[in-house]
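Enquirer: Got a structure for you, questions after.
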Amino acid sequence: MRKVVTPSSVTGATEPLNLCASNPLGWGSAMAGEAAKSVSVRSNAVTAGRIIFTLPEDGWLCSLLNEPRHDQILLWHMMSIEEARLDDWLAQIETDIYEAAIVPEKWTTVLDGLAARVGSAGGVLFGVSTAATSWMASPGIYEAMSAFVADGWAANNTRMATGISRNLHLLPRFVTEADYFSPAELAADPTYRGFFYPRGFGVSAGTVAFLPHDDMLCFSFERRADLGPFSAESLGLLDAVRPHLLRASLITARLGMEQIRTAIETLTAVGLPAVAVSQTGRVLEANALFAAAGEVWTTRGHDQIVLQNTTADAMLTDALAALGQAHVTRSIPIRQGAGQALTGVVQVIPLRRLALDIFGNMAAILVLSAPGSGARASAPALLLSLFDLTPAELEIARHVAAGRTVSAIAVLKQRSVATVRNQLQSVMQKTGSSRQADLIILLRSLPGGG
């Protein structure tokens with residue numbers, strides 16, 4: 000790392016200085032030989048007591064330092080230009096990592112930057128307990144990761160299972176195939192033979208971050224097999240940024256949890272029982288009204304939500320399993336028995352934002368409302384707290400939920416079609432909706448949303 004001592008003054012430096020001769024720190028002769036150049040150092044080149052020379056012909060970056068002792072001694076601190084660039088890169092990637100902690104959508108930029116530096120095709124991060132649904136990847140391996148999930152490999156990830164069984168997730172560094180498997184085990188592993196090798200992959204470096212609710216987040220970088228294993232230098236770089244990755248992912252998770260708590264408090268304020276759950280139905284956050292509605296739902300094993308009505312419970316299981324799909328029933332009727340009057344509705348509100356489903360393992364908020372409960376006023380506040388919509392975006396969302404087209408909204412609000420379309424695109428991005436139809440379904444699933 001660069002360390003510069005600012006001198007109080009530099010005087011008398013008007014004659015050429017030879018770097019080999021000015022080597023009071025005792026660097027090795029090989030380094031001195033590489034830097035055997037004469038450079039003119041003149042007093043009028045001094046700015047704030049510091050001179051930096053870039054010598055492209057020999058590749059050394061030299062800083063002229065002055066350290067007052069019995070007499071003034073000029074110290075030459077030499078480092079390669081590559082080391083200086085690495086310094087700058089580390090500073091930039093740290094900045095990017097902590098920016099991603101606040102803006103989770105920027106994690107793909109971090110993954111892409113790290114992957115390029117260490118010679119990887121790309122990087123991916125995913126929740127260990129939700130690998131089949133919650134993940135993000137840099138462009139270089141996005142298509143491969145999509146296939147990994149869609150074809151069922153993520154749900155039966157032998158690499159992850161082996162790593163956890165051998166406690167590799169507890170190691171404070173990035174681990175590779177050499178940690179997971181013996182050569183014979185690797186050659187026989189079904190995930191590598193069936194998925195990685197046919198696609199030209201099979202070399203990885205991964206580490207695990209521990210999140211609230213005993214969840215884990217995996218960072219993995221995938222390298223082309225024909226390039227061979229990651230170098231010691233590349234693994235060293237990944238290990239150097241690892242503490243920042245872990246801290247930033249924890250920040251993202253906690254921010255996501257605070258966002259959920261705000262949404263649940265909003266529902267509490269209008270008298271609605273609510274609970275945040277994982278895709279498997281594990282209770283993560285709940286308000287006091289949730290516990291008071293024991294006739295509708297309860298928990299099994301202290302943390303698994305169960306609806307008392309078996310038909311409704313089966314519908315809830317299906318709704319949670321199909322959160323990423325469109326045209327799925329997310330309003331579950333509650334009746335005391337078959338053919339009896341409706342006593343309530345459990346509305347399943349999917350949480351598609353990256354900070355919530357990946358980092359917090361939060362898949363949905365369940366809201367219990369009674370017929371005619373008058374809780375319609377909660378929808379706007381819930382939209383604001385869940386998705387960070389601006390007032391203008393909230394207005395667009397409400398018109399879309401009412402079935403109005405972009406052109407109709409533009410005429411009604413006296414805005415240009417382009418402005419309305421841009422605001423609609425922002426709403427869709429914030430809510431994780433890929434199509435306008437998905438957005439309408441989501442908005443109408445909110446209490447009072449339709």
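The sequence shown: position 4 = 3 (numbering that gives the first Met the number 0), numbered continuously.
C-beta: ideal position from N, C-alpha, C; glycine also.
#1: Going by alpha carbons, who is nearest to residue 282 out of 214, 197 and 239?
#2: How should residue 442 be labelled, buried or exposed, when 16 other C-beta atoms within 10 angstroms of its C-beta is the threshold for buried?
#3: Straight-line CA distance for residue 362 to residue 279?
#4: Do the CB positions of residue 208 and residue 234 come within less than 8 Å of each other?
#5: According to DSSP, is residue 134 part of a helix, a strand, or is it coil?
#6: Pairs of beta-carbons, one from the stretch 104-121 and one from the stretch 254-274, closer than 8 Å: are there three or more?
#7: Closest to residue 458 by C-alpha separation, out of 349, 89 and 430, would be which residue?
#8: Please report the Cβ distance between residue 267 and residue 288, rounded to the nearest whole angstrom; I am assuming they are in contact, meaning their Cβ atoms lie under 8 Å.
#9: Report the partner residues of residue 106 according to the DSSP bridge assignment.
#10: Taking 8 Å as the limit between beta carbons, can you name the residues of its chain near residue 333, skipping five residues before and five after?
#11: In whole angstroms, what is the alpha-carbon distance linking residue 59 and residue 189?
#12: Helix, strand or coil, according to DSSP, for residue 271 in the structure here?
#13: What residue does the beta strand (DSSP E) around residue 205 start on, and which one ends it?
#14: Around the Cβ of residue 117, are there at least 16 other Cβ atoms within 10 angstroms (buried) or fewer (exposed)?
#15: Suppose only complete runs of 3+ residues qualify. What are the beta strand (DSSP E) ranges in the stretch 186-255, listed by chain order?
#16: In terms of DSSP beta bridges, what is residue 306 paired with?
#17: Per DSSP, what kind of secondary structure is residue 279 in: helix, strand or coil?
#18: Can you tell me which residues form a DSSP beta bridge with residue 365?
#19: Tell me the DSSP secondary structure of residue 173 in three-state form.
#20: If you draw a straight line from the C-alpha of residue 148 to the C-alpha of residue 141, how long is it?
#21: With distance defined between alpha-carbon atoms, name the residue in 184, 195, 405 and 136 nearest to residue 152.
#22: Assuming residue 158 is part of the beta strand (DSSP E), what are its boundary residues?
#23: To the nearest angstrom, how far is the alpha carbon of residue 70 from that of residue 95?
#24: Using C-beta distances below 6 Å, list every residue in its chain close to residue 435, excluding the 5 sequence neighbours before and after it, in chain order.
#25: For the beta strand (DSSP E) containing residue 330, name the first residue and the last one.
#26: DSSP state of residue 287, grouped into three classes?
#27: May I ask you to report which of helix, strand or coil DSSP gives residue 125?
#28: What do you reckon, are the CB atoms on residue 113 and residue 122 nearer than 8 Å?
#29: Pull up the distance between the alpha-carbon of residue 66 and that of residue 88, whole angstroms please.
#30: Report the rounded CA-to-CA distance for residue 304 versus residue 286, giving the unit in angstroms.
#31: Between which two residues does the alpha helix (DSSP H) holding residue 406 run?
#32: Helix or strand or just coil, what does DSSP make of residue 429?
#33: For residue 202, which option in 179, 163 and 297 has the closest C-alpha, if you only look at C-alpha atoms?
#34: Can you say whether residue 410 is buried or exposed, counting buried as having 16 or more other CB atoms within 10 angstroms of its CB?
#35: Could you give the distance in angstroms between the alpha-carbon of residue 321 and the alpha-carbon of residue 302?
#36: Can you give me the start and stop residues for the alpha helix (DSSP H) that residue 393 sits inside?
Expert: Reading off the structure:
#1: Along the sequence shown, read from residue 1 onward, the residue named residue 282 stands at position 283. That would be 214, whose Cα lies nearest to the Cα of residue 282.
#2: Position 443 of the sequence shown, counted from the first residue, corresponds to residue 442. Classification for residue 442: buried.
#3: To locate residue 362, count along the sequence shown from 1; it is residue 363. To locate residue 279, count along the sequence shown from 1; it is residue 280. Distance between the alpha carbons of residue 362 and residue 279 is about 9 Å.
#4: The residue you call residue 208 lines up with position 209 of the sequence shown. The residue you call residue 234 lines up with position 235 of the sequence shown. Cβ distance not < 8 Å, so residue 208 and residue 234 don't count as in contact.
#5: Along the sequence shown, one-based indexing puts residue 134 at 135. Reduced to three states, the DSSP call for residue 134 is strand.
#6: no
#7: In the structure as shown, the chain begins at 0 and stops at 449. Residue 458 is therefore absent and cannot be evaluated.
#8: Along the sequence shown, read from residue 1 onward, the residue named residue 267 stands at position 268. Along the sequence shown, read from residue 1 onward, the residue named residue 288 stands at position 289. With a Cβ gap of about 6 Å, residue 267 and residue 288 count as contacting.
#9: Translated into the one-based positions of the sequence shown, residue 106 becomes position 107. Partner(s): none; residue 106 has no beta bridge.
#10: To locate residue 333, count along the sequence shown from 1; it is residue 334. Excluding residues within five positions, the ones whose Cβ falls inside 8 Å are 295, 306, 308, 311, 341, 342, 343, 344, 345 and 367.
#11: Against the sequence shown, residue 59 aligns to sequence position 60. Against the sequence shown, residue 189 aligns to sequence position 190. At residue 59, the pLDDT of 37 sits below 50, so the modelled position is not reliable; the number obtained from the coordinates is stated separately. Roughly 49 Å between the two C-alpha positions.
#12: As a first step, residue 271 must be located in the sequence shown, where it is residue number 272. Look at residue 271 here: in three-state DSSP terms it is coil, with no helix or strand label.
#13: Numbered from 1 along the sequence shown, position 206 holds the residue referred to as residue 205. Note, residue 205: beta strand (DSSP E), 202-210.
#14: By one-based count along the sequence shown, residue 117 stands at place 118. Buried.
#15: Runs found: 202-210 and 214-222.
#16: Along the sequence shown, read from residue 1 onward, the residue named residue 306 stands at position 307. Bridge partners of residue 306: 296.
#17: Looking up residue 279 in the sequence shown gives position 280. When secondary structure is reduced to three states using DSSP, residue 279 falls in the coil class, being assigned neither helix nor strand.
#18: Position 366 of the sequence shown, counted from the start, is the residue given in the question as residue 365. Bridge partners of residue 365: 274 and 347.
#19: Reading the sequence shown from its first residue, position 174 is the one you call residue 173. In this structure, residue 173 counts as coil in the three-state DSSP scheme.
#20: Translated into the one-based positions of the sequence shown, residue 148 becomes position 149. Translated into the one-based positions of the sequence shown, residue 141 becomes position 142. Approximately 11 Å between the Cα atoms of the pair.
#21: As a working note, residue 152 is residue 153 in the sequence shown. The residue with the shortest Cα to Cα distance from residue 152 is 195.
#22: Counting from 1 along the sequence shown, the entry for residue 158 is found at position 159. Element bounds for residue 158: not the beta strand (DSSP E) but the alpha helix (DSSP H), 157-164.
#23: Translated into the one-based positions of the sequence shown, residue 70 becomes position 71. Translated into the one-based positions of the sequence shown, residue 95 becomes position 96. Reliability fails at residue 70, whose pLDDT of 38 lies under 50, so the model's placement of it is uncertain and no value is given.
#24: Numbered from 1 along the sequence shown, position 436 holds the residue referred to as residue 435. Hits under 6 Å: none found.
#25: Here residue 330 is taken as the residue at index 331 of the sequence shown, counted from 1. 330-334 is the extent of the beta strand (DSSP E) around residue 330.
#26: Sequence index remark: in the sequence shown, residue 287 carries index 288 (1-based). Helix, per DSSP.
#27: Here residue 125 corresponds to residue number 126 of the sequence shown, with the count starting at 1. Three-state DSSP puts residue 125 in a strand.
#28: Here residue 113 refers to the residue found at position 114 of the sequence shown. Here residue 122 refers to the residue found at position 123 of the sequence shown. Closer than 8 Å, so yes.
#29: Against the sequence shown, residue 66 aligns to sequence position 67. Against the sequence shown, residue 88 aligns to sequence position 89. Low per-residue confidence applies at residue 66: pLDDT is 42, beneath 50, and the placement is therefore not dependable, though the value from the model is reported in the following sentence. Rounded to the nearest angstrom, the two C-alpha atoms are 29 Å apart.
#30: Residue 304 sits at position 305 when you count from the first residue of the sequence shown. Residue 286 sits at position 287 when you count from the first residue of the sequence shown. Distance between the alpha carbons of residue 304 and residue 286 is about 14 Å.
#31: Counted from its first residue, the sequence shown places residue 406 at position 407. Run containing residue 406: 405-412, per the alpha helix (DSSP H) assignment.
#32: Here residue 429 corresponds to residue number 430 of the sequence shown, with the count starting at 1. In the structure shown, residue 429 sits in a helix (DSSP, three-state: H, G or I).
#33: The residue labelled residue 202 in the question sits at position 203 within the sequence shown. When only C-alpha atoms are compared, the closest one is 179.
#34: Against the sequence shown, residue 410 aligns to sequence position 411. Exposed: under 16 other Cβ atoms inside 10 Å.
#35: The count along the sequence shown starts at 1 and reaches residue 321 at position 322. The count along the sequence shown starts at 1 and reaches residue 302 at position 303. Roughly 21 Å separates the two Cα atoms.
#36: In the sequence shown, counting from the first residue as 1, residue 393 sits at position 394. Residues 390-400.
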